[in-house]
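Data first, discussion second: the structure below is written as structure tokens.
In the UniProt record's numbering, the protein residues as written are 1 to 193.
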């Protein structure tokens with residue numbers, strides 16, 4: 001399952017999501033892409049057929065890729081709304097026990113989060129503490145049962161002023177990360193067969 005949150009068709013986030021999709025498909029995965037803006041996903045309204053479909057897709061997924069820009073150290077509002085409406089108790093996790101530990105319900109074997117931004121990645125880590133890494137790796141995905149070591153993440157930037165050559169290198173890196181997060185589907189081996 002690929003979730004894309006960027007309001008402008010043709011953005012570099014769209015190119016990243018397409019590269020992840022094509023890499024995962026080439027490895028034998030069946031991929032569903034949800035471009036939240038193109039689908040008209042409503043981030044603040046009650047449950048509807050689209051939300052139910054996203055929830056079902058998330059439950060069924062064995063891999064999740066999320067692609068979005070870094071806006072003020074957080075995802076765009078449409079993606080925050082997707083988290084609020086799709087990644088909910090009974091779907092992605094069960095509420096914490098008395099010790100405050102949730103039970104993750106997702107069966108994701110791998111997750112990939114790709115972000116774009118205009119802050120150099122080193123500055124994002126050193127000055128700001130890389131808030132998106134904390135959100136995705138430690139808060140959302142770990143809470144839903146995906147161990148931090150199964151989460152692959154990369155911030156591509158600064159995007160403003162980047163050349164076509166640099167963007168090409170970033171797309172190649174996104175493909176390598178997708179191949180690592182979502183390894184090839186192989187034949188099922190049964191003991192004794």
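C-beta: ideal position from N, C-alpha, C; glycine also.
Please read these numbers as outputs of a predicted model, since none were measured by experiment.
Which value, in whole angstroms, describes the spacing of the CA atoms of residue 44 and residue 82? Taking the first residue of the chain shown as position 1, residue 44 is located at position 44. Taking the first residue of the chain shown as position 1, residue 82 is located at position 82. Each residue's Cα considered, the two are about 9 Å apart.
Under DSSP, the alpha helix (DSSP H) around residue 51 begins and ends at which residues? Numbered from its first residue, the chain shown carries residue 51 at position 51. It spans 49-60 - the alpha helix (DSSP H) in which residue 51 sits, taken as one unbroken run.
I need the straight-line Cα distance from residue 201 to residue 52, nearest angstrom please. Only positions 1 to 193 of the chain appear in this structure, which leaves residue 201 out of reach.
Can you list, in chain order, the residues of its chain with a C-beta nearer than 7 Å to that of residue 39? Leave out the 5 residues immediately preceding and following it. As a first step, residue 39 is located in the chain shown; it is residue number 39 there, counting from the start. Contacts found: 50.
By alpha-carbon positions, which one of 127, 113, 117 and 102 ends up nearest to residue 1? Reading the chain shown from its first residue, position 1 is the one you call residue 1. For residue 1, the nearest C-alpha among the options comes from 113.
By the three-class DSSP mapping on this structure, what secondary structure does residue 192 have? By one-based count along the chain shown, residue 192 stands at place 192. Residue confidence for residue 192 is low, a pLDDT of 49 falling below 50, so the modelled location carries little weight; the figure read from the coordinates is stated next. Of the three classes helix, strand and coil, the one that applies to residue 192 here is coil, per DSSP.
CB contact flag (residue 184, residue 46, <8 Å): Position 184 of the chain shown, counted from the start, is the residue given in the question as residue 184. Position 46 of the chain shown, counted from the start, is the residue given in the question as residue 46. The answer is no: Cβ separation not under 8 Å.
Three-pair Cβ contact test at 8 Å for the stretch 120-130 versus the stretch 54-61: No, they do not touch.
Which runs of the alpha helix (DSSP H) spanning at least 4 residues fall entirely within the UniProt domain "Flavodoxin-like fold" (2-148), listed in chain order? 12-26, 36-39, 49-60, 77-86 and 121-126
What is the residue span of the alpha helix (DSSP H) that residue 151 lies within? The residue given as residue 151 occupies position 151 in the chain shown. Where residue 151 is concerned, there is no enclosing alpha helix (DSSP H), although the beta strand (DSSP E) it sits in stretches over 151-156.
Between the stretch 14-23 and the stretch 78-94, can you find at least three pairs of beta-carbon atoms closer than 8 Å? no
Close-in-space but distant-in-sequence residues of the same chain around residue 32 (CB under 6 Å, 5 per side omitted): Along the chain shown, read from residue 1 onward, the residue named residue 32 stands at position 32. The answer, listed in chain order, is 1 and 57.
Quick one: what's got a C-beta closer than 6 Å to residue 16's C-beta in the same chain, skipping five residues either side? On the chain shown, residue 16 is found 16 positions in, with the first residue counted as 1. Closer than 6 Å at the Cβ level, and outside the excluded window around residue 16, lie 67, 114 and 174.
State the Cα-Cα distance for the pair residue 186 and residue 127, rounded to the nearest angstrom. The residue you call residue 186 lines up with position 186 of the chain shown. The residue you call residue 127 lines up with position 127 of the chain shown. Distance between the alpha carbons of residue 186 and residue 127 is about 43 Å.
Where does the unbroken alpha helix (DSSP H) through residue 161 begin, and where does it stop? Counting from one through the chain shown, the residue named residue 161 turns up at place 161. From DSSP, residue 161 is part of no alpha helix (DSSP H); its letter is neither H nor E.
Please name the residue, chosen from 76, 161 and 48, that lies closest to residue 8 on a Cα-to-Cα basis. Counting from one through the chain shown, the residue named residue 8 turns up at place 8. The candidate whose alpha carbon is nearest that of residue 8 is 76.
Helix, strand or coil for residue 168? Go by DSSP, reduced to three states. On the chain shown, residue 168 is found 168 positions in, with the first residue counted as 1. Reduced to three states, the DSSP call for residue 168 is helix.
Measuring straight from C-alpha to C-alpha, what distance separates residue 104 and residue 166? Reading the chain shown from its first residue, position 104 is the one you call residue 104. Reading the chain shown from its first residue, position 166 is the one you call residue 166. Between residue 104 and residue 166, the C-alpha separation is close to 38 Å.
Taking Cβ positions, are residue 12 and residue 116 nearer each other than 8 Å? On the chain shown, residue 12 is found 12 positions in, with the first residue counted as 1. On the chain shown, residue 116 is found 116 positions in, with the first residue counted as 1. The answer is yes: Cβ separation under 8 Å.
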